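In our numbering, the protein residues as written are 883 to 1007.
Even for Gly, the Cβ is constructed at its ideal location relative to N, Cα and C.
Please read these numbers as outputs of a predicted model, since none were measured by experiment.
To keep things clear, I will list the structure first and then write my remarks on it.
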Ligand code: SF4
Ligand code: SF4
């Protein structure tokens, strides 16, 4: 069986939408530090509060840190943990239906089958 190699196709799907992932305290400190900003300046400039959630602002339908020309994340080295995890989120290893939904959204998963994904998980146990 060929071993799947993750390669982002820069489709932008995971950075698109009116809502972005929720930021943890660690994410906020790490990104503010990377941008040389105080936490409060970072929060004011780049995030919005939705109830108890803190999210990135959205610009032109994408997360404010998505570079629309290069199709990459401008804060890639310090991006939020949830962004780092995508698309190999825990749900896709547990649930075939979740796997199919995410596979249809993320072009990097286009060529991987459920069986290959399970094999990949066992490799990393
Ligand atoms: S959805 Fe997948 S292929 Fe598209 S930008 Fe995100 S990780 Fe890359
Ligand atoms: S922080 Fe980066 S990877 Fe995460 S949604 Fe924004 S642009 Fe995409």
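Cβ distance (whole Å) where residue i is taken to contact residue j below 8 Å
i	j	result
residue 990	residue 890	5 Å
residue 955	residue 961	5 Å
DSSP-derived helix/strand/coil call for residue i
i	result
residue 893	coil
residue 953	coil
residue 910	helix
residue 940	strand
residue 930	strand
residue 964	helix
residue 948	strand
residue 904	strand
Rounded straight-line distance, which links the Cα of residue j to that of residue i
i	j	result
residue 971	residue 915	26 Å
residue 939	residue 1002	34 Å
residue 966	residue 959	9 Å
residue 929	residue 985	29 Å
residue 974	residue 983	9 Å
Cβ pair residue i, residue j closer than 8 Å
i	j	result
residue 910	residue 924	yes
residue 913	residue 957	yes
residue 948	residue 899	no
residue 901	residue 950	no
Bridge partners - residue i, DSSP secondary structure assignment
i	result
residue 988	Residue 988 is not bridged to any residue.
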